[in-house]
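Sequential numbering of the sequence shown, starting at 10, is according to this note's numbering.
Glycine is no exception: its CB is placed at the ideal position from the N, C-alpha and C atoms.
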Amino acid sequence: IIMRRLRNNISFRNHRKVLGNGDANEHTAVVDEPPPPPPRIQSAQPDLIIRVGEEGTTYNYYKVIMAHHSKYIDGLLFSAASNDSSLGEISFPDIQPGVWELMVNCLRPANTFTVTSAYLVFPFYTKYQFEEGLRLCDKKIQAEIERTDDLPIATNERHGLADRDGYTRFLDTRIRYFVDFADLLPRTKEAGIAVLEAVLYDRLSRLFLTHQHFKTMLPHLLKEERLLEPVRLVLADVGVTVPDIMLAEEHDNVNTIYQLLKLQFKLDYARSQGCEFPDEQKQDIEPLENCSDHISVHTTRNHPTLSDVME
Numbered sequence: 010i011i012m013r014r015l016r017n018n019i020s021f022r023n024h025r026k027v028l029g030n031g032d033a034n035e036h037t038a039v040v041d042e043p044p045p046p047p048p049r050i051q052s053a054q055p056d057l058i059i060r061v062g063e064e065g066t067t068y069n070y071y072k073v074i075m076a077h078h079s080k081y082i083d084g085l086l087f088s089a090a091s092n093d094s095s096l097g098e099i100s101f102p103d104i105q106p107g108v109w110e111l112m113v114n115c116l117r118p119a120n121t122f123t124v125t126s127a128y129l130v131f132p133f134y135t136k137y138q139f140e141e142g143l144r145l146c147d148k149k150i151q152a153e154i155e156r157t158d159d160l161p162i163a164t165n166e167r168h169g170l171a172d173r174d175g176y177t178r179f180l181d182t183r184i185r186y187f188v189d190f191a192d193l194l195p196r197t198k199e200a201g202i203a204v205l206e207a208v209l210y211d212r213l214s215r216l217f218l219t220h221q222h223f224k225t226m227l228p229h230l231l232k233e234e235r236l237l238e239p240v241r242l243v244l245a246d247v248g249v250t251v252p253d254i255m256l257a258e259e260h261d262n263v264n265t266i267y268q269l270l271k272l273q274f275k276l277d278y279a280r281s282q283g284c285e286f287p288d289e290q291k292q293d294i295e296p297l298e299n300c301s302d303h304i305s306v307h308t309t310r311n312h313p314t315l316s317d318v319m320e
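What follows is the structure in structure tokens.
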């Protein structure tokens, strides 16, 4: 209570001043002016000029902000400071002004980051070490790979035909995103491996892999054990080993192995539908008519289906 009274008295004395000889009519209250605001970095002029494109379009920024976004810029500024010099200008002649503006705008909180944006800015985010930009790309591409709204629904002949074009488009985008970004974006890599692994294990989904799909995926199949294992299991039925795949550097060899895989995928799917072949023992499963025309998502394996992974 005492401290509160002291503060009130001090505040009252600070906000009035008595003039004259004490006449009440001569009392005038004078309010103190507020203290000046503390200096801020944005109250100063930008101290870094960035020129982009062949014509050198200029943009003004603060060094501390750009150093935060880019390790490359941070390194240049630190190197200059270490040599007792000041670096006031940086040039990026390989970046067009429109792309540079997109790179900067994508780093702002209220950005509209799209896959098209990611393809435009990703090479420069990588080259000039924009770590936050790379994280944004990783998050966006991962979300695109894990989308479920474009996952086609496959049913058998009794319930309708499978959406073959839909499956092809689905595989086109997932494989392209995985191949283009997986080497540098960890979340994208994990999402891509999970989806493609499910495709390679799924007896129906892998029927829609084209020669171009296989050719594009081959380098990653050889590096990722989770992608190579389902291929190894299928090829083992015909005595083809992993070294045979690793030797497939020429187009003809890739095509040969692809055709072999495609045949084995079809045979494996037919067996899962209860089809019998002359050189195989009969099983207690009633053969289906026109097995090659039947399309079903029901299989007898223990691996998760593509739908399971996407869910």
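Asked: So, at 7 Å on beta carbons, what are the nonlocal neighbours of Cys-115 in its own chain, with the 5 sequence-adjacent residues on each side left out?; Found: Phe-122, Ser-126, Val-130, Gly-142 and Leu-145
Asked: Assuming Asp-159 contacts Pro-195 under a Cβ cut-off of 8 Å, what Cβ separation, rounded to an integer in Å, is found between them?; Found: That pair is no contact at about 24 Å.
Asked: Does the distance from the C-beta atom of Leu-269 to that of Leu-218 stay below 9 Å?; Found: no
Asked: So His-222 and Asn-264 are supposed to be a Cβ contact under 8 Å. How far apart are they, rounded?; Found: Between Asn-264 and His-222 the Cβ distance is about 13 Å, and since that is not below 8 Å, they are no contact.
Asked: Going along the chain, which residues of its own chain have a beta-carbon closer than 6 Å to the beta-carbon of Asn-299, five neighbours each way excluded?; Found: Note on Asn-299: pLDDT 42, under 50, position unreliable in the model; the coordinate value appears next. So the list is empty, once near-sequence residues are dropped.
Asked: Roughly how far, in whole angstroms, is the beta-carbon of Pro-106 from the beta-carbon of Val-61, given that I think they are within contact range, below 8 Å?; Found: 5 Å
Asked: Where do the ends of the alpha helix (DSSP H) carrying Thr-177 lie?; Found: 173-190
Asked: Could you work out which residue in Phe-274, Ile-74, Arg-185 and Lys-232 is closest to Asp-246 when comparing CA atoms only?; Found: Phe-274
Asked: Just to confirm my understanding: we take Lys-198, look at its own chain, exclude 5 residues before and 5 after, and list those with CB closer than 7 Å. What are they?; Found: Ala-191
Asked: In terms of residue numbering, what span does the beta strand (DSSP E) encompassing Thr-125 cover?; Found: It is not in any beta strand (DSSP E) - Thr-125 instead sits in the alpha helix (DSSP H) that spans 124-136.
Asked: Along the chain, where does the beta strand (DSSP E) that runs through Leu-57 open and close?; Found: 57-61
Asked: Report buried or exposed for Gly-201, applying the criterion of at least 16 other Cβ atoms within 10 angstroms of its Cβ.; Found: buried
Asked: Rounded to the nearest angstrom, how far is the Cβ of Ile-59 from that of Phe-101, given a contact under 8 Å?; Found: 7 Å
Asked: Would DSSP call Ile-99 helix, strand or coil?; Found: strand
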